[in-house]
C-alpha cells in the first residue's frame, strides 16, 4: 500500500490547528475558542478552529475539507491522548490525500484539563502545547507504514480452563495451536474442584470432555510439563523457546495402564500428592489424577530410587509392556514460531500461613478452601467424605471469608470468587455432613447470573451468616462447650457484639493471587502488570484481552481474579482477537524506526549491544564497518539514538530537529 | 560490651525487681550497663494521648542524652541503649522514627532540644533486653552460663503488646518466639499458648477495673489451664496487672487464679544461680521460689 505524499513535497507548511472540546472534558477547564484564536497567530498556521468533538465524523470532515479546499498540508489536533485517537486523525488525513505522518497531536485532555484545577492555567498550558506541536509538525516528513506477514500458528501458555478454551476455539477455526502447560497435566485449578457455583454441576463432567478434545484435536500440539523460557521477535513473528521437562516416561508410548505404579518398589504411597495438596499420598511414579491429560505417568526424580540413588529393582520397567519407562530422558529446549501468543497462566491461592492468627498450619482442622475442594471431591483423598484429620465427621464448620483479600496487610483487592465458592462449600458441607455451618463475611458479593439466587437458597437452607471479619481462630476455651473445639472470634457487626463460635472445622476462604513468578513471566513476554502483579490489559473496558505489546493476548485469571464463566468468556475473546490478527495475514508496523547516518557512524558498535530487539548489525561490506538498522525488527524505542556517541542515529518521528522545535515551541510561549 | 541503660520510672518503683534482675543478669553475662545521666519521663501513655508533640519532645531528650553520653569518648560510636520497659521501648522507637521522617514537627522538636543545649543525629540504637539476650548475646552463650537449669519448669511466656507491635523490631508480631527460645535455653519448658500478645488490661485495671480485671483473668486462667508453673513478662505494667490483682480476680470470677508472675530476667538469674535478693525475688507478691523448688531434682508438680 502506498501512502499519498505528492501533494506536500517541497511546499511550505500550511498548518491547520483543530482544538477539540471533548464535550466538557476539555472545554470545562480550557477556553477552547481563546486557544484556537491564539493558534491562528502562530507562524505557518493558515486555519485554526475549535469544535465540540473533533473525532466525530463531522469533526473529521472539517479537517478533510480544509486539506482539500484551503491547501492545509500539516495538521495539529489538540484533544486527547494519542493512544486514544492518533490513528483516527491520521486516517482522516490520509483519506483526504495527505500523508498521515504530516499530523501531530497535542494532548490537552489527560495532560491538561483532567489534571489542572485553574481554568486560566489550563488555557495557557494548552496554548503552550499547541505552540510546540505547530513548531514540530513543520519538520515532519512523509513516512510509509511497513507491513509484515503473520505466522498463522498461535501459542497458548497455560492449560487451565482459560487456555483449554482458547486453544479449542482457535483450533476449531483451523489454526494450529501449541498449548504449553507447566504441570504434568492440563486442567488447572478447575480440575481440582468438585462442584461449580451456582448451578452445582460437576466440574469434572464439564471439564474433562474439553481436556480430551484438546488431546485429540489434530490442530493442537499439547506440551505438558513444559515451560516457556524465552520469547523473541514481534507481533506476527514470535519465536518461543520451551523447556520440556523429563517425565522419564515416553509420552507417546505410555497408555496410562498404571501397572508400573502398582509394581513400584514402594509398596505404599508415601509422598505428598501435589494434586491433592498433600492431603493424599502418591508413589514416585504416578499419574496426577485419573482423568489427567495426557493420560500418562511421570516419575519424580528426587523420590525414585533408580533416579535418586541409582539403585532399584526397576520393577516398573519390567512390568511395562510398552517399554515406555526411560531413565535417560533429559530436559530439552524446543523452539516454536507463532504469530500470536495467548497468556492464560492463571493464579495461585493466597498462602494462609501469612495470617498466623487464623491458625492454619497450627491447628490441624483449619483447612484452606482449596483443600476442602479436594475433600469434597469424589476422586479426592477421602473419596468425597468431609472428615476431620482424625477421620470423624465435623458437627460444626466455620467458613472465614476474605482470607488474604480486602485486607491492607495482605491483598487490598476483592478476589471476586470467594463469596460464591464459600456458599457452594457451605451447601456441600451441610448436605454431606449435616453440620451447622457458619459463614463469617465482610460483605456478601454475589453479582452474577443466578448468584444472588444461590445466596438466597443458602439462607433458606439454614446456613448461619455472621457479618464481621474474624479476629482469630484459637483453642483457648472459656466454657465447657468450647473445650476441645476451635473457637472463631469475631465481632458480629449487625448486632454489635463480639462473638465466640466453637466449631470442629475451619475453612479459610483464601483469595486469588498472581503466581509467585508472574513478574518473571510478564518480563519474558514484554508486557506490564498492575502493582498487585496481575497482567495489564491494553484498556480496561475497550481492549480487555489485548496487551500493550501487539500480538500478546490475555485470558483468564492471570489478568485479575475471575470465576469460570468470566474466564471462559475472556478466553473466547482472546482467541477471537488472536484469530483476527493472524487471519488478516499481515501486521502494520509504525514507521518510527531508527536509521543510521553512515557518514557519521564510527563503527563503535555501542548501539548493537544496547538494542533490546537485536535489530542492529554491522554492515561488513562497508568500508568503515558501520552499523545498520533492520527496520523489520526495530521497535522504535530510541535506546540506540540516545546511546550513539557520534550522534549518528536518528529516529523517524523523533528527529533531533523535531524534538528541539517542540521544546522551543513550549519554551518560547510566554 | 558496653550498653547505656534507660530504666524509666517503673523500674524505679513498682518494677524494681525488673531493674535489679536486669543489672544482675547483665553483670553475670559480662555486659556493662551505664545509666543514662539525667534521664526523664519517656513520654508514654498519658502524655502521648494528651499532647503528642510534648511526648515526642520528652522521648527525644532521652535519645539526645544517650547519644551525647555514648559518643563522648568516640564521636563515631553507635551507642546502644537498653530499654526494658515495654512502654518506654515503644515510645523511644516511635520518637526515633518520628525524627527520622523529618516533617515540620520533627523540626520543632529539634528546636526544643537546641534550647536545652542538645541535638540528636539519630545514632542511638534502641534495644530491648530480650533482643540483646537472644540476638546479641546468643542462646548458646546463655545456655553455657546456666548453672541451675529450670528443669521441668513449665513457663508461659507473655510478651504483651508493646515490644512487638507495631514495629516487630526483633520478633514476630502475631506469634513471637524469642522468650520461649530463651526459656528453652534456661532448661525450662515453654508452654505453647495462643494468648502471648493478648491485652493484659493495660491501664484499664486502674480506670475501668471491670474490663481490666477480666482481661488479666483470661490470661492467668488459660496459663494455669495449660499447666504453667509461672508466667513471665517483659513489661512492668503486664507484670503488675497479672500479679497484684490475683486475689480480686479469684474472688470476682470465683475461680482460683494464683500463679507466680515474674520478670523473665528473674528467671534467667535463677538459672544462672544468682542470689535471690539480687534478683528482687523477695519483692514478688506471689512467691516464685515454691514453684521452682518443686522442680529441683527433676520432680514435676504436675506430673
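Chains as they are written, first to last, in our numbering: chain A, 1 to 670; chain B, 1001 to 1303. A virtual CB, placed ideally from N, CA and C, is assigned to each residue, including glycine. Here the structure is a predicted model, which means the values were calculated and not measured.
In DSSP terms, what residue i is bridged to
i, result
"residue 502 (chain A)", "A:487"
"residue 242 (chain A)", "A:228 and A:334"
"residue 1157 (chain B)", "B:1232"
"residue 223 (chain A)", "A:180"
"residue 708 (chain A)", "The structure shown does not extend to residue 708 (chain A), since chain A is modelled only from 1 through 670, so no value can be given for it."
"residue 1262 (chain B)", "B:1232"
"residue 606 (chain A)", "Partner(s): none; residue 606 (chain A) has no beta bridge."
"residue 342 (chain A)", "A:156 and A:553"
"residue 81 (chain A)", "Note: residue 81 (chain A) sits in no beta bridge, so no partner."
"residue 492 (chain A)", "A:497"
"residue 234 (chain A)", "A:237"
"residue 508 (chain A)", "A:368 and A:400"
"residue 1218 (chain B)", "Beta-bridge pairing links residue 1218 (chain B) to no other residue."
"residue 535 (chain A)", "A:529"
"residue 1182 (chain B)", "Bridge partners of residue 1182 (chain B): none, in fact."
Which of helix, strand or coil DSSP assigns to residue i
i, result
"residue 287 (chain A)", "coil"
"residue 107 (chain A)", "strand"
"residue 355 (chain A)", "coil"
"residue 1300 (chain B)", "Note that residue 1300 (chain B) scores a pLDDT of 43, beneath 50, so its modelled location is shaky; the value from the coordinates is reported in the next line. DSSP places residue 1300 (chain B) in coil when its eight states are reduced to three."
"residue 1201 (chain B)", "coil"
"residue 389 (chain A)", "coil"
"residue 412 (chain A)", "coil"
"residue 15 (chain A)", "strand"
"residue 1124 (chain B)", "coil"
"residue 376 (chain A)", "helix"
"residue 129 (chain A)", "helix"
"residue 1167 (chain B)", "coil"
"residue 1252 (chain B)", "helix"
"residue 1206 (chain B)", "helix"
"residue 2 (chain A)", "Here residue 2 (chain A) scores only 44 on pLDDT, less than 50, and its place in the model should not be relied on; the value that follows carries that caveat. In this structure, residue 2 (chain A) counts as coil in the three-state DSSP scheme."
"residue 175 (chain A)", "coil"
"residue 51 (chain A)", "strand"
"residue 149 (chain A)", "strand"
"residue 348 (chain A)", "strand"
"residue 195 (chain A)", "strand"
"residue 8 (chain A)", "Interpretation of residue 8 (chain A) is limited by its pLDDT of 44, a score under 50 that renders its predicted location unreliable; the figure taken from the coordinates is listed afterwards. Coil."
"residue 1244 (chain B)", "helix"
Where residue i falls, given that 16 or more other Cβ within 10 Å makes a residue buried
i, result
"residue 1285 (chain B)", "exposed"
"residue 1117 (chain B)", "exposed"
"residue 368 (chain A)", "buried"
"residue 584 (chain A)", "exposed"
"residue 1001 (chain B)", "exposed"
"residue 9 (chain A)", "The pLDDT assigned to residue 9 (chain A) is 46, lower than 50, so where the model puts this residue is not dependable; a value taken from the coordinates is nonetheless given after this. Residue 9 (chain A) comes out exposed."
"residue 169 (chain A)", "buried"
"residue 478 (chain A)", "exposed"
"residue 104 (chain A)", "buried"
"residue 542 (chain A)", "exposed"
"residue 83 (chain A)", "exposed"
"residue 1218 (chain B)", "buried"
"residue 1127 (chain B)", "buried"
"residue 1162 (chain B)", "buried"
"residue 1053 (chain B)", "exposed"
"residue 1232 (chain B)", "buried"
Whole-Å CB distance - residue i paired with residue j, under 8 Å assumed
i, j, result
"residue 349 (chain A)", "residue 512 (chain A)", "7 Å"
"residue 447 (chain A)", "residue 331 (chain A)", "The Cβ separation is near 45 Å, so there is no contact."
"residue 429 (chain A)", "residue 473 (chain A)", "That belief does not hold up - the Cβ atoms of residue 429 (chain A) and residue 473 (chain A) are roughly 17 Å apart, past 8 Å."
"residue 265 (chain A)", "residue 313 (chain A)", "6 Å"
"residue 39 (chain A)", "residue 19 (chain A)", "7 Å"
"residue 1159 (chain B)", "residue 1196 (chain B)", "5 Å"
"residue 75 (chain A)", "residue 63 (chain A)", "6 Å"
Entirely enclosed alpha helix (DSSP H) segments - the segment 436 to 489 of chain A, minimum 4 residues: 451 to 461
Entirely within the segment 1010 to 1084 of chain B and at least 3 residues each: give me those beta strand (DSSP E) ranges in chain order. 1032 to 1035 and 1080 to 1082
Unbroken beta strand (DSSP E) runs of length 3 or more, entirely within the segment 249 to 300 of chain A: which are they? none
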